[in-house]
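Notes for the one structure printed next.
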Amino acid sequence: MESKSPYQFTVYNHEAGVNIWKILILLKELNLSYKEYLLDFGKGEHKEEWYRKMMPNGRIPMIVDHWNNDKIVWESNAVMKYIAGRYDTEKRFLLTDLDEQTDMDTWLFFQASHQGPYFGALQWFSFYHEEPVPSAVLRYAKETRRILGVLDTVLKDREWLVGGKITIADIAFIKCNEYATKHLLGATFDFAAEFPHAARWHGRMMARPCVREVFKYKAEQDCGRERQHVTGETVSAFAQRMGCGIEVGGIVRVAV
Ligand SMILES: N[C@@H](CCC(=O)N[C@@H](CS)C(=O)NCC(=O)O)C(=O)O
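Per the working numbering, the sequence shown runs over residues -9 to 246.
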């Protein structure tokens, strides 16, 4: 179907969404055009019927490709695979060897099934849960460190996760690692000292112009890691009030 849309994708997002960053980075790296639609979580717009018809899970992110019959794709790593598979014609972020492709998928699944949920659970129990649950903070802080340790071990003798070059699998980890190592694991956490190989790999990605551009854009959007997006209360104020979080109530001591 010929589309009249002047931009290729609509990207459904929320200003505090975490899984969107890797998609925006890939779109920028491939110089593809898009428009963001910011859903109002406060009003539950992402649970409304019109949205759920496209996105049955009622979450973000989701994309619509107007230049391919309004194809809908959701689950952020599936979105990355779709965008790269169709539009990274020079395979800048993909691999050609079948075994390496399998390894790339393995890291994408690992990101979606381990890094995303465990880091997300640490964030939840540190800042958003109704009552303090120190044992949950402890468990997910340990898991977060363990996952960084897995990455650090494999990156000891290689620059990238698979195929000797940056792929969508590497890009998939950027945002959660940045957030965990700067905020979630507390002010005393030293990424370079504890996980030097993963820290160098992360640093290489953070230095890329397109990555910097997305981080700058997001900072300008005030996407509110310091804001509890539904109530408007800051995460710090929330953590203080609840007496929970990595740096509150001495939990940092048991988490190490
Ligand atoms: N595995 C999914 C995770 C999607 C997800 O959990 N999105 C969160 C924001 S990053 C969301 O939409 N939360 C809203 C809600 O839970 O209602 C992906 O990678 O796309």
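For glycine and all other residues, C-beta sits at the position ideal for the given N, C-alpha and C.
The continuous beta strand (DSSP E) containing Asn3 extends over residues Phe(-1) to Asn3. Under the DSSP assignment, Met195 falls in the alpha helix (DSSP H) whose first and last residues are Pro186 to Met196.
The C-alpha of Ala197 is placed about 31 Å away from the C-alpha of His56.
About 7 Å separates the CB atoms of Ile53 and Thr0; that is less than 8 Å, so the two are in contact.
Here Phe99 is exposed: its Cβ has fewer than 16 other Cβ atoms, across all protein chains shown, within 10 Å. Rounded to whole angstroms, Phe83 and Val8 show a C-alpha spacing of 21 Å. Between Tyr(-3) and Leu29 the beta-carbon gap is near 18 Å, outside 8 Å, which marks them as no contact. A distance below 7 Å between beta-carbons, with the five flanking residues on each side excluded, links Tyr130 to the following residues of its chain, in chain order: Tyr108, Ala111, Leu112 and Phe115.
Its chain contains Ile156, Thr157, Asp160 and Trp191 as the residues whose beta carbon lies nearer than 8 Å to that of Trp150, once the 5 sequence neighbours on both sides are disregarded; these appear in chain order. Taking each of Gly106, Trp64 and Asp60 in turn and checking the Cα distance to Ala162, the smallest one comes out for Gly106. Per the Cβ contact rule, the segment 83 to 96 is not in contact with the segment 30 to 37 (fewer than 3 Cβ pairs under 8 Å). Counting C-beta pairs closer than 8 Å gives three or more between the segment 64 to 78 and the segment 43 to 52, which meets the contact rule.
In the structure shown, the three-state DSSP call for Trp97 is helix. Apart from sequence neighbours up to five positions away, the residues of its chain that approach Gln91 with a beta-carbon distance below 6 Å are Leu85, ordered along the chain. Counting the other Cβ atoms within 10 Å of the Cβ of Glu19 gives 16 or more, which makes it buried. The residues Val1 and Asn3, in chain order, have a CB closer than 7 Å to that of Glu26 in the same chain once the five nearest residues on each side in sequence are set aside.
Per the coordinates, the alpha-carbon of Glu38 lies some 18 Å from the alpha-carbon of Glu5.
The residues Trp11, Leu14, Ile15 and Lys18, in chain order, have a CB closer than 7 Å to that of Val204 in the same chain once the five nearest residues on each side in sequence are set aside. In the DSSP assignment, Trp11 falls outside any beta strand (DSSP E) and lies within the alpha helix (DSSP H) extending over Trp11 to Glu19. Non-local beta-carbon contacts of Ser23 in its own chain, meaning distances under 6 Å to residues more than five positions away in sequence, involve Tyr(-3) and Gln(-2) in chain order. Pairing Thr134 with Leu88 gives a Cβ-Cβ distance that is not under 8 Å. For the segment 23 to 79, the continuous alpha helix (DSSP H) assignments of 4+ residues that do not extend past its boundaries occur at 39 to 44 and 66 to 77, in sequence order. Shown here, His173 sits in a helix according to DSSP, grouped into three states.
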